[in-house]
Amino acid sequence: MPTPTTNDTTQDFCQSNNPTIASLQVNQSTIVWYDAATGGNVLSSSALLVDGVTYYAGIIDPVSGCSSTTRLAITVDLKTADSASIDDNTDKTCDFEPVTYSTQGNMSNYEWTIGSGGQIVSGGGSNDSTVTVNWTQLGSNSVTVSYLNSSVCNSQETATFNLVVESCVLPVDGCLTIFNEFTPNGDGSNEFFYIVCAENYPNNKLEIYNRYGNLVFQTRGYKNDWKGIANVKGTFNDNVLPTGTYYYVFETGDNTVNQAKSGWLYIMR
8 MPTPTTNDTT QDFCQSNNPT IASLQVNQST IVWYDAATGG NVLSSSALLV DGVTYYAGII
68 DPVSGCSSTT RLAITVDLKT ADSASIDDNT DKTCDFEPVT YSTQGNMSNY EWTIGSGGQI
128 VSGGGSNDST VTVNWTQLGS NSVTVSYLNS SVCNSQETAT FNLVVESCVL PVDGCLTIFN
188 EFTPNGDGSN EFFYIVCAEN YPNNKLEIYN RYGNLVFQTR GYKNDWKGIA NVKGTFNDNV
248 LPTGTYYYVF ETGDNTVNQA KSGWLYIMR
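Numbering (my numbering), first residue to last: 8 to 276.
Right, here's the structure in full:
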């Protein structure tokens, strides 16, 4: 009897699919599988494949019942995706202090779920392996991510990161950091113009100007809730401002030491 043939002597399978010996590819029928190149034991076609194991195929003559003298060897490689995980960049989660969470990169269809009281500052989209969150609610909370690992069996992986938000005293140099870009497009991610610690200055004042120097937005007691809508009476009142570069002036309004910051910001819709 001739030796069986195959298109691939090292065959890959997804372990999650529970492949069996019947899953092995050969070009002939009437195959019997063994656990050795000669002699050995006959294996059931329903037996689960084992990673790294070599299986041996012989052709059975339907008339004589004899098996081929030389057996075909096929080695199995079972693919298993690594479990998803989430890491943060801090030892302590403080309210009103953005924290970046990251998961495995180079995946697809990311879906981030943020617990109540969490506001996405940046990232968190379907192509993002990171998300930066500003927590406004104290106590237990969580961040969950799921993604598709298309390089390993198109497996869907999910992880949840549990955390506790605390009330912290931010270092002076941590406050008044300004995130210059935001995307108020209604997808729930990075919707607001964000200034770290703005809430700590109840008498603060924020002014936004367009590139022509026209005032388009102003408010006192800013609470990180501006979505790029003008509020200046006249031409710009209630208008949704278009994509582009604008300029901000922020004053803390502190009676002791009034701090002021100014610079550019970019609205992307």
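Backbone N, C-alpha and C fix where the C-beta goes; we use that ideal spot for every residue, glycine too.
Asked	Found
Near ALA88, what residues of its chain come up, given a Cβ to Cβ distance below 7 Å and the 5 sequence neighbours on each side ignored?	ASN156, VAL159, CYS160, SER162, GLU164
Cα separation between SER109 and CYS21?	26 Å
Classify ASN113: buried if its beta carbon has 16 or more other beta carbons within 10 angstroms, exposed otherwise.	exposed
Do you know whose CA, among ALA44, CYS73, GLY46, ASN25, lies nearest SER52's CA?	ASN25
Between THR12, GLU118, ALA43, which lies nearest to ILE66 when the distance is taken from Cα to Cα?	THR12
Quick one: Cα of LYS86 to Cα of ASN197, how far?	37 Å
Nearest to TRP142 by CA position, among CYS204, CYS101, GLY130, TYR229, is which residue?	CYS101
Tell me the residue span of the beta strand (DSSP E) that contains LYS99.	Looking at the DSSP string, LYS99 is not in any beta strand (DSSP E), and its letter there is neither H nor E.
State the CB to CB distance for the pair ALA91 and TYR63, rounded to an integer number of angstroms; the pair is presumed to be in contact (CB under 8 Å).	Incorrect: roughly 37 Å between the Cβ atoms, too far for contact.
I'd like the span of the beta strand (DSSP E) that includes ILE127, first residue to last.	125-130
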